[in-house]
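J.:
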Amino acid sequence: MTQKKLGILVGGGPAPGINSVIGAATIRSLIQGKEVLGILDGFKWIMRGDISHVKELTIQNVSRIHFRGGSYIGISRDNPAKRPKDLETSVTSLLRLNIDQLITIGGDDTAYSALKLEKMANGRIQVVHVPKTIDNDLDLPHGINTFGFQTARHLGVEIVKNLMVDAQTTSRWYFVVTMGRKARHLGLGIGKAAGATVTIIPEGFNESNPLTMKKLVDILVGAI
Numbered sequence: 007m008t009q010k011k012l013g014i015l016v017g018g019g020p021a022p023g024i025n026s027v028i029g030a031a032t033i034r035s036l037i038q039g040k041e042v043l044g045i046l047d048g049f050k051w052i053m054r055g056d057i058s059h060v061k062e063l064t065i066q067n068v069s070r071i072h073f074r075g076g077s078y079i080g081i082s083r084d085n086p087a088k089r090p091k092d093l094e095t096s097v098t099s100l101l102r103l104n105i106d107q108l109i110t111i112g113g114d115d116t117a118y119s120a121l122k123l124e125k126m127a128n129g130r131i132q133v134v135h136v137p138k139t140i141d142n143d144l145d146l147p148h149g150i151n152t153f154g155f156q157t158a159r160h161l162g163v164e165i166v167k168n169l170m171v172d173a174q175t176t177s178r179w180y181f182v183v184t185m186g187r188k189a190r191h192l193g194l195g196i197g198k199a200a201g202a203t204v205t206i207i208p209e210g211f212n213e214s215n216p217l218t219m220k221k222l223v224d225i226l227v228g229a230i
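Take 7 as the starting number for the sequence shown in our numbering and just add one per residue.
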């Protein structure tokens with residue numbers, strides 16, 4: 007009987023700490039006697055039925071990857087949850103690889119894909135999701151941040167502090183834009199820690215009180 011395997015894939019965008027998760031999960035699984043496959047480039051290939059883009063993960067090749075940035079097994083934003091056929095193909099691809107356990111690393115889109123994939127697998131594949139996003143916009147227990155957020159916030163604060171020195175030196179004002187889309191966490195975290203003059207977050211506006219360009223300019227001019 008062919009031995010069942012653990013698969014690991016990364017979806018979404020880069021964030022600090024991805025390789026630490028890959029390495030730790032791989033080493034723990036191998037110690038427990040489970041072979042591990044890294045699924046390259048997230049869902050990109052398996053949702054198309056291509057199972058050739060995989061990499062066997064061993065203690066030897068993952069033991070030092072936590073010192074590197076990026077993702078050792080690549081990353082992509084391909085989302086199989088958008089089409090039932092892609093989801094079904096992803097499940098079939100994983101089963102062809104003899105994977106009965108899957109770890110997905112990613113943000114809200116990847117978390118949703120993982121949920122739908124496990125339902126589609128109907129007990130044939132166990133799926134665990136590790137929340138990864140610098141946006142910190144996944145609903146975790148109070149006080150627990152998604153990994154990647156704290157590092158991004160810390161580096162963002164250093165950048166803004168340096169800009170503040172330049173602003174004072176040149177008598178200019180800087181308008182800094184952070185990632186996060188509709189989630190305030192990164193921008194607010196950087197603004198508070200750096201002591202920004204004003205921090206504008208999307209939660210301060212809604213459909214009845216939208217943030218228009220005129221309103222944005224008025225806020226900035228008022229702060230200056």
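Ideal Cβ placement from N, Cα and C applies to all residues, glycine included. Keep in mind it's a predicted model, so treat the numbers as computed, not measured.
What separation, rounded to the nearest whole angstrom, lies between the Cα atoms of Ala199 and Leu161?
T.: Between Ala199 and Leu161, the C-alpha separation is close to 11 Å.
J.: Helix or strand or just coil, what does DSSP make of Gly154?
T.: If DSSP states are grouped into helix, strand and coil, Gly154 belongs with coil.
J.: What residue from Arg83, Gly75, Gly29 has the CA that sits closest to Gly18's CA?
T.: Answer by Cα proximity: Arg83.
J.: For Ala120, which residues of its own chain have a beta-carbon under 6 Å away from its beta-carbon, when the five flanking residues on both sides are left out?
T.: These residues qualify, in order along the chain: Thr110, Val133, His135.
J.: Can you give me the Cβ contacts of Val60 inside the same chain, cut-off strictly under 6 Å, excluding the 5 residues immediately before and after it?
T.: Leu43, Ile45.
J.: Determine the contact status of Arg102 and Ile57, defining contact as a CB-CB distance below 9 Å.
T.: Their beta carbons are under 9 Å apart, which means Arg102 touches Ile57 by this criterion.
J.: Can you tell me the Cα-Cα spacing of Glu164 and Leu192, whole angstroms?
T.: The straight-line gap from Cα to Cα measures roughly 13 Å.
J.: Would you call the region 10-17 and the region 81-101 touching, i.e. three or more CB-CB distances under 8 Å?
T.: With the cut-off at 8 Å, the region 10-17 and the region 81-101 touch.
J.: What is the DSSP secondary structure of Ser82, counted as helix, strand or coil?
T.: Ser82 falls in the strand class under three-state DSSP.
J.: Measuring CA to CA, which of Asn67, Met126, Gly210 is closest to Arg89?
T.: Comparing Cα positions, the closest option is Met126.
J.: For Asn85 and Ser99, what's the separation of their Cα atoms in angstroms?
T.: Taking the straight line from one Cα to the other gives about 15 Å.
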